[in-house]
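Written below as structure tokens is the structure these notes are about.
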Amino acid sequence: MDSRTLTGGDRAAAPICGRIASTVTKNADTVRIRRVLAADLPEIIALDQRVTGLAKRDYWHDVFGRYGQKEAKDGFFLVAKSHGQNDAHVAGFIIGEVRAWEFGSSPCGWVFALSVEPEMRQHGVGEALFEAISAEFKKAGVSKMRTMVARDSRLPLLFFRGEGMTAGPYIQLEKDID
Amino acid sequence: MKLQIASQLAIYALLELAARPDRPISVGEIGDKYKVSTYHLAKVMTVLGRAKLVRAARGVKGGYQFTGNARRTTLLDVIQLFEDLGPANLDARAPGERTDEARMLRDVLREIDDLAQATFGSITIATMLKLIGRRRASRPRRTNPGVTERR
Numbered sequence: 180m181d182s183r184t185l186t187g188g189d190r191a192a193a194p195i196c197g198r199i200a201s202t203v204t205k206n207a208d209t210v211r212i213r214r215v216l217a218a219d220l221p222e223i224i225a226l227d228q229r230v231t232g233l234a235k236r237d238y239w240h241d242v243f244g245r246y247g248q249k250e251a252k253d254g255f256f257l258v259a260k261s262h263g264q265n266d267a268h269v270a271g272f273i274i275g276e277v278r279a280w281e282f283g284s285s286p287c288g289w290v291f292a293l294s295v296e297p298e299m300r301q302h303g304v305g306e307a308l309f310e311a312i313s314a315e316f317k318k319a320g321v322s323k324m325r326t327m328v329a330r331d332s333r334l335p336l337l338f339f340r341g342e343g344m345t346a347g348p349y350i351q352l353e354k355d356i357d
Numbered sequence: 086m087k088l089q090i091a092s093q094l095a096i097y098a099l100l101e102l103a104a105r106p107d108r109p110i111s112v113g114e115i116g117d118k119y120k121v122s123t124y125h126l127a128k129v130m131t132v133l134g135r136a137k138l139v140r141a142a143r144g145v146k147g148g149y150q151f152t153g154n155a156r157r158t159t160l161l162d163v164i165q166l167f168e169d170l171g172p173a174n175l176d177a178r179a180p181g182e183r184t185d186e187a188r189m190l191r192d193v194l195r196e197i198d199d200l201a202q203a204t205f206g207s208i209t210i211a212t213m214l215k216l217i218g219r220r221r222a223s224r225p226r227r228t229n230p231g232v233t234e235r236r
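Chains A and B supply the protein sequences, listed in that same order.
The numbering used here puts the first residue of the first sequence at 180, with every later residue one more than the last.
The numbering used here puts the first residue of the second sequence at 86, with every later residue one more than the last.
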């Protein structure tokens with residue numbers, strides 16, 4: 180997989196020895212994208228709690244169990260790790276999976292979680308995560324990716340639209356169960 | 086779904102101005118491209134100016150400049166300056182308006198309105214410019230007579 184460097188609007192690509200890796204320059208920090216490690220989980224849980232206001236420790240351990248293993252070929256749990264001069268921390272993460280024939284759909288990549296540290300937003304972290312998982316989906320053999328966003332979630336909607344996603348051929352339906 | 090002409094013109098004008106933030110563009114230039122009267126456009130620009138999305142620059146090379154945030158200004162923000170996209174209010178005089186059938190039909194229309202609003206609210210001026218750029222880049226172009234090349 181390529182490494183991507185974003186400095187302002189300028190990008191250069193350089194290969195990084197077969198690992199999932201992207202880099203984003205934000206001030207003095209460098210952000211690298213790679214598969215999640217168990218050691219990242221506490222920061223991921225804390226980031227999610229800061230952003231959503233909900234603590235979901237068991238959920239994240241379960242997700243890590245399903246998508247965080249190296250042998251997970253169709254599931255991708257990627258983290259953006261920001262490396263400063265003296266420390267490194269999780270700047271964001273994205274999770275997706277190739278799903279086939281559900282709802283009558285041919286195989287496609289589903290992005291079902293994306294989060295970026297609020298103070299790291301607007302610096303290309305989300306875009307780098309999105310591009311990284313797109314590349315993984317492509318490598319897995321699918322040419323379409325999907326996600327689902329609440330209509331009133333303005334920021335994620337603006338982000339995914341900005342990445343070129345449009346309304347798909349499915350309509351999500353629901354009802355209250357009596 | 087159809088937008089009022091003023092909403093369409095406002096979106097076109099903002100796209101033109103946001104695509105060239107370095108120089109003012111006259112109403113005449115925009116009018117020429119979209120084949121619309123400068124009178125009609127000027128009225129639209131006045132509304133956009135009041136919303137602080139554009140600024141008039143005076144002088145020989147005067148015109149308008151985009152002053153909004155292209156990454157935050159959505160199509161919904163622009164359209165709502167010119168028309169109400171909200172659900173239709175109950176019109177007690179309309180035939181059958183107080184029946185369950187009419188209420189159910191209003192629910193369906195509200196669902197459509199909600200979707201339309203969410204769609205317009207999810208697309209910024211910057212996203213539109215990006216998508217237009219992609220569309221242009223993928224369009225076949227003629228290099229020599231009879232030869233079509235895909236960029």
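C-beta atoms are modelled at their ideal positions from N, C-alpha and C, and glycine is treated no differently.
What do you reckon, are the CB atoms on residue i and residue j nearer than 7 Å?
| i | j | result |
| --- | --- | --- |
| L99 (chain B) | I217 (chain B) | no |
| L337 (chain A) | S294 (chain A) | no |
| V321 (chain A) | G288 (chain A) | yes |
| G263 (chain A) | D208 (chain A) | yes |
| L166 (chain B) | F205 (chain B) | no |
| A142 (chain B) | G134 (chain B) | no |
| M324 (chain A) | F316 (chain A) | yes |
| V304 (chain A) | V210 (chain A) | yes |
| E168 (chain B) | Q89 (chain B) | yes |
| I312 (chain A) | L233 (chain A) | no |
Which residue wins for smallest C-alpha separation from residue i, given the options the options?
| i | options | result |
| --- | --- | --- |
| G343 (chain A) | A:E353, A:D331, A:E310 and A:P221 | A:E310 |
| F272 (chain A) | A:R300, A:G320 and A:N265 | A:R300 |
| A203 (chain B) | A:Y246, A:S261 and A:R340 | A:R340 |
| I115 (chain B) | B:L133, B:T212 and B:L94 | B:L94 |
| D176 (chain B) | B:L170, B:E168, B:F167 and B:A187 | B:A187 |
| R156 (chain B) | B:K215, B:D169 and B:D117 | B:K215 |
| F255 (chain A) | A:R229, A:R278 and A:R236 | A:R278 |
| R108 (chain B) | B:E168, B:T152, B:R135 and B:Q89 | B:T152 |
| G275 (chain A) | A:R333, A:P221, A:R236 and A:V215 | A:V215 |
| Y408 (chain A) | A:H302, A:G283 and A:V304 | Only positions 180 to 357 of chain A appear in this structure, which leaves residue 408 (chain A) out of reach. |
| V145 (chain B) | B:A104, B:S111, B:K128 and B:L170 | B:S111 |
| E296 (chain A) | A:S261, A:L233, A:R333 and A:A329 | A:S261 |
| L200 (chain B) | A:A251, A:T345, A:I356 and A:R213 | A:T345 |
| K252 (chain A) | A:A319, A:R213 and A:I212 | A:A319 |
| T212 (chain B) | B:K87, B:A104, B:I90 and B:V129 | B:A104 |
| Q351 (chain A) | B:A136, B:K87, B:E196 and B:E101 | B:E196 |
| A267 (chain A) | A:Y246, A:I212, A:W280 and A:A329 | A:I212 |
| E353 (chain A) | A:L334, A:P335, A:R236 and A:A329 | A:A329 |
| L102 (chain B) | B:R224, B:R140, B:R178 and B:D117 | B:R140 |
Would you mind giving the Cβ-Cβ distance between residue i and residue j, rounded to the nearest angstrom? I have them listed as a contact below 8 Å.
| i | j | result |
| --- | --- | --- |
| V290 (chain A) | I223 (chain A) | In fact, because the Cβ distance is near 16 Å, the residues do not count as touching under 8 Å. |
| L138 (chain B) | T158 (chain B) | 7 Å |
| I164 (chain B) | S92 (chain B) | 5 Å |
| P106 (chain B) | Q150 (chain B) | 7 Å |
| A259 (chain A) | A218 (chain A) | Contact flag wrong, Cβ pair sits at about 15 Å. |
| D192 (chain B) | L170 (chain B) | The Cβ separation is near 17 Å, so there is no contact. |
| Y97 (chain B) | Y124 (chain B) | Rounded, the Cβ-Cβ distance is 16 Å, inconsistent with contact. |
Please list, in chain order, the chain A residues whose beta carbon lies closer than 8 Å to that of residue i.
| i | result |
| --- | --- |
| I164 (chain B) | Under the 8 Å cutoff, chain A gives no residues; its nearest Cβ is about 16 Å from I164 (chain B). |
| L216 (chain B) | G343 |
When the cut-off is 7 Å and only beta carbons count, does residue i lie next to chain A?
| i | result |
| --- | --- |
| I96 (chain B) | no |
| M86 (chain B) | no |
| A155 (chain B) | no |
| T253 (chain B) | Examination of residue 253 (chain B) is not possible in this model, given that chain B is present from 86 through 236 alone. |
Chain B partners of residue i, CB-CB under 9 Å?
| i | result |
| --- | --- |
| R333 (chain A) | T159, G206 and S207 |
Taking C-beta pairs closer than 9 Å, name the residues in chain A that residue i reaches, listed in chain order.
| i | result |
| --- | --- |
| V201 (chain B) | It should be noted that the sequence gives Ala, not Val, for residue 201 (chain B). In chain order: nothing, as chain A lies at least about 11 Å away. |
Using a beta-carbon distance below 7 Å, is residue i in contact with chain B?
| i | result |
| --- | --- |
| L337 (chain A) | yes |
| D189 (chain A) | Residue placement at D189 (chain A) cannot be trusted, given a pLDDT of 31 that sits under 50; what the coordinates show is reported in the next sentence. Chain B, which has no Cβ nearer than 7 Å to the Cβ of D189 (chain A), makes this no. |
| L185 (chain A) | Its pLDDT being 35, under 50, L185 (chain A) is placed unreliably by the model, and nothing is read from it. |
Along chain B, in chain order, which residues have C-beta atoms closer than 8 Å to that of residue i?
| i | result |
| --- | --- |
| A346 (chain A) | T204 |
Starting from residue i, find everything on chain B with Cβ-Cβ shorter than 7 Å and list it in chain order.
| i | result |
| --- | --- |
| R278 (chain A) | Those do not exist, as R278 (chain A) stays about 23 Å from chain B at its closest Cβ, beyond 7 Å. |
| R330 (chain A) | D199 and A203 |
| R340 (chain A) | S207, I208 and T212 |
Looking at residue i and the ligand NAD, is the gap between the Cβ and the nearest heavy atom below 6 Å?
| i | result |
| --- | --- |
| K137 (chain B) | In terms of ligand content, the structure shown is empty, and the ligand NAD therefore cannot be addressed. |
7 Å is my cut-off, CB to CB: does residue i come that close to chain E?
| i | result |
| --- | --- |
| L200 (chain B) | Reference to chain E is not applicable here, since the protein chains of this structure are A and B. |
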